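There are 2 protein chains.
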Amino acid sequence: MKKHNYSAGPCILPQEVFQEASQAILNFNDSGLSILEISHRSADFVSVMEEARELALELLGLQNKGYKALFLQGGASMQFLMVAYNLLEKKAAYLNTGTWSTKAIKEAKLFGELDEVASSKDKNFNYIPKGYKIPSDADYFHCTSNNTIFGTQIKDFPETDIPLVCDMSSDIFSREMDFSKFDLIYAGAQKNMGPAGTTLVVVKEDILGKVSRQIPSMMDYKVHIGKDSMFNTPAVYAVYVSMLTLRWIKAKGGIKAMEERNAAKAKLLYDEIDRNSMFEGYAAVEDRSPMNATFNLKSDTHKETFDKMWKEANINGLNGHRSVGGYRASMYNALPLESVQVLVDTMKEFEKKSGK
Amino acid sequence: MKKHNYSAGPCILPQEVFQEASQAILNFNDSGLSILEISHRSADFVSVMEEARELALELLGLQNKGYKALFLQGGASMQFLMVAYNLLEKKAAYLNTGTWSTKAIKEAKLFGELDEVASSKDKNFNYIPKGYKIPSDADYFHCTSNNTIFGTQIKDFPETDIPLVCDMSSDIFSREMDFSKFDLIYAGAQKNMGPAGTTLVVVKEDILGKVSRQIPSMMDYKVHIGKDSMFNTPAVYAVYVSMLTLRWIKAKGGIKAMEERNAAKAKLLYDEIDRNSMFEGYAAVEDRSPMNATFNLKSDTHKETFDKMWKEANINGLNGHRSVGGYRASMYNALPLESVQVLVDTMKEFEKKSGK
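Structure representation (structure tokens):
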């Protein structure tokens, strides 16, 4: 029996993608070869890489607008470093909305002056700071669109004349937006886009080449762009499964359709969190993430009972991150509404059983 | 019909590994979940990572000798950079035996003074320089054990008192050696060890922490060691398939058994290259690599005929690298002797057909 997989990432991907991805390990494109044993320079794989890059730009509405898409290695953590290597000449502005922003700030500090324009650390990152000022003399402004651990999401991005850089690891391809307001977007694949092991970088070319330092080849976006994201052997299989997932998103109706699916799931769960007398939400209501719903028991008296109940309901990965405790339901694109219904039913049943 | 896969990397892996790797995409460890959708912090995956790291040390005979094994991202090209970041304080010594050494030297130059102790560039890298001197005041000595493109291999490594660093991407786990003479070994997985997307680093801990620069977290071996190779989300699937391949190597009898397999394949092919009137070897005989045999037609008159013949024999990936031309037969651990026999038979038949 298939589980209801709420893992925060790596996380659920479409079942159709798993089927095709499994088959390609045995016989890729009817070549008689596994996708794991073919050259990354073979026509078959070059076409996978090209399709993945094109689909990423197409779904984001960024084709023919001066952007390039890359599939690199090292996760968002490597981008914390690469962003600063490529863009930070003197000073950068960062918004601190949680663990990942904090790490991005730490790495960038090695390259220049850091202006932390605002932080929600005072309330353990349960909200998104607003009304902050972005210094116009900074080289770029960096923010994290969705905070997996705390369950918050930026709804309105600031207007600024300096380059806008965004870590969208946990909500890319999940909601419609004018992506052309961003100059650099990066995202570890392992949420809405694919398996762990590759990271999408979408960068507007004209912001590059402006720092005076010498950039090592592997850190240099221009080097990767110049080699069509194949400067060295890419993470072949992770790119392939990402391509399959991007194809699935497109076939289902693109980001618009994903946003509708995600909104329905989020409404179902947040309504129950607010209604159910046993639970309370963690994040500020206006900043709630449709991707990661964080919630706690009002009292831990019946924690064991609830934990037993959701595990028996075949739910997986509901435990909250240690920085927040309680529960976290990650509802990425591929999670079906039915899985959320199972969780909501379990919460209702728990209230009936253990509530006053 | 299964192909005879001579790809230079990514390359053939054991068929048993493909079977298990394909199954795990649908249902990993009977969990009802795909290995692509589980948390990297789950007990099931943590145990994969631990087993992969342990197996690597065990097969190399480096357990309990002060070494740590890491599975990182970015390929050997990222190691060109990380080695210098972590070890190069003032001056480093490099041996230049081909394309990869040249690239390693280029990246390291950003971090300090480079002493290229010897180079075989004068003869398009068709031999391994010998009798060079390693400066005793260098921070480390770096070499490439096997040169995939040119088909050469270092048979005797130099004795030196400074740390010995080796890029073993294309021959790790293929031959017996006293690996404890090395202080840092790295290898992209995509030859003898697994699919593209992860890189093994085996490092003696006591050589670390001696440079004065601040190292970004993702570049810092100590950071990765401190987090048991899980500082951030690792390349889950690539590590898993590497673990399966390392299990296979162990089950087959370890590196000793691999060396015997590889020696038999290399003898079969090189004997034919030397015997056959149509071909000549590229690399100096004493430096020939058992992993990658490079050879050319003595005359290109019948090139089309030979190319047609090997393709009809279901042979894949035999074209030489553009820097050398001709042919390259990569015979990594998982390539069966039968595949080499098919190639040798094809060469014989070609001689009969087109030879004088």
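Residue numbers (our numbering), protein chains in the order written: chain A, 1 to 356; chain B, 1001 to 1356. Don't be surprised by glycine CBs; every beta carbon is placed ideally from N, CA and C. Only a predicted model underlies this, so the values are computations on that prediction, with no experimental measurement involved.
State the DSSP-derived secondary structure class of residue i, mapped to helix, strand or coil.
i, result
"residue 1064 of chain B", "coil"
"residue 1330 of chain B", "strand"
"residue 1032 of chain B", "coil"
"residue 1272 of chain B", "helix"
"residue 314 of chain A", "coil"
"residue 119 of chain A", "strand"
"residue 83 of chain A", "helix"
"residue 108 of chain A", "helix"
"residue 300 of chain A", "helix"
"residue 1244 of chain B", "helix"
"residue 1335 of chain B", "coil"
"residue 1259 of chain B", "helix"
"residue 6 of chain A", "coil"
"residue 325 of chain A", "coil"
"residue 1222 of chain B", "helix"
"residue 1165 of chain B", "strand"
"residue 71 of chain A", "strand"
"residue 1237 of chain B", "helix"
"residue 1093 of chain B", "strand"
"residue 1203 of chain B", "strand"
"residue 1148 of chain B", "coil"
"residue 25 of chain A", "helix"
Let's test the definition: count the other Cβ atoms within 10 Å of the Cβ of residue i and tell me whether it reaches 16, buried, or not, exposed.
i, result
"residue 345 of chain A", "exposed"
"residue 1213 of chain B", "exposed"
"residue 989 of chain B", "Nothing can be reported for residue 989 of chain B: it is not among the residues displayed for chain B, which extend from 1001 to 1356."
"residue 229 of chain A", "buried"
"residue 1272 of chain B", "buried"
"residue 1265 of chain B", "buried"
"residue 323 of chain A", "exposed"
"residue 178 of chain A", "exposed"
"residue 43 of chain A", "exposed"
"residue 1068 of chain B", "buried"
"residue 286 of chain A", "exposed"
"residue 183 of chain A", "buried"
"residue 1294 of chain B", "buried"
"residue 132 of chain A", "exposed"
Excluding the 5 residues preceding and the 5 following residue i in the sequence, name in chain order all residues of the same chain whose CB lies nearer than 8 Å to its CB.
i, result
"residue 20 of chain A", "244"
"residue 206 of chain A", "66"
"residue 337 of chain A", "261, 264, 265, 268"
"residue 1091 of chain B", "1112, 1113, 1114, 1115, 1135, 1137, 1138, 1139"
Can you give me the Cβ contacts of residue i inside the same chain, cut-off strictly under 7 Å, excluding the 5 residues immediately before and after it?
i, result
"residue 1181 of chain B", "1157, 1164"
"residue 1074 of chain B", "1199"
"residue 234 of chain A", "40, 49, 71"
"residue 1102 of chain B", "1096"
"residue 1018 of chain B", "none"
Kindly indicate which residue of the options has the alpha-carbon position closest to the one of residue i.
i, options, result
"residue 1002 of chain B", "B:1339, B:1296, B:1355", "B:1339"
"residue 81 of chain A", "A:216, A:160, A:148, A:272", "A:216"
"residue 190 of chain A", "A:252, A:242, A:145", "A:242"
"residue 1290 of chain B", "B:1152, B:1187, B:1203", "B:1152"
"residue 1236 of chain B", "B:1047, B:1150, B:1018", "B:1047"
"residue 353 of chain A", "A:315, A:332, A:84, A:303", "A:303"
"residue 1083 of chain B", "B:1231, B:1247, B:1155, B:1203", "B:1203"
"residue 1318 of chain B", "B:1298, B:1299, B:1333, B:1342", "B:1342"
"residue 1305 of chain B", "B:1039, B:1024, B:1347", "B:1347"
"residue 1298 of chain B", "B:1325, B:1308, B:1285", "B:1325"
"residue 89 of chain A", "A:58, A:111, A:269", "A:111"
"residue 1060 of chain B", "B:1334, B:1255, B:1195, B:1071", "B:1255"
"residue 366 of chain A", "A:18, A:71, A:248", "Absent from the model: residue 366 of chain A. The displayed extent of chain A is 1 to 356, so no value can be given."
"residue 1169 of chain B", "B:1160, B:1310, B:1188", "B:1188"
"residue 121 of chain A", "A:176, A:288, A:107, A:150", "A:150"
"residue 208 of chain A", "A:78, A:222, A:196", "A:222"
"residue 104 of chain A", "A:172, A:76, A:312", "A:76"
"residue 329 of chain A", "A:356, A:282, A:351", "A:282"
Excluding the five sequence neighbours on either side, which residues of its own chain have a C-beta within less than 6 Å of the C-beta of residue i, listed in chain order?
i, result
"residue 147 of chain A", "97, 98"
"residue 316 of chain A", "3, 5"
"residue 1154 of chain B", "1128, 1145"
"residue 327 of chain A", "295, 318, 320"
Taking 8 Å as the cut-off, does the segment 1130 to 1141 of chain B touch the segment 1091 to 1107 of chain B (at least 3 CB pairs, one atom from each stretch)? Yes: at least three Cβ pairs fall under 8 Å.
On the three-pair Cβ rule with 8 Å, is the segment 1031 to 1041 of chain B touching the segment 8 to 16 of chain A? Counting Cβ pairs under 8 Å, three or more are found: they touch.
Is the segment 63 to 78 of chain A touching the segment 275 to 291 of chain A, taking contact as three or more C-beta pairs under 8 Å? Judged by Cβ distances under 8 Å, the segment 63 to 78 of chain A makes no contact with the segment 275 to 291 of chain A, as fewer than three pairs qualify.
Is the segment 249 to 269 of chain A touching the segment 39 to 53 of chain A, taking contact as three or more C-beta pairs under 8 Å? The answer is no - the segment 39 to 53 of chain A does not touch the segment 249 to 269 of chain A, with fewer than three Cβ pairs under 8 Å.
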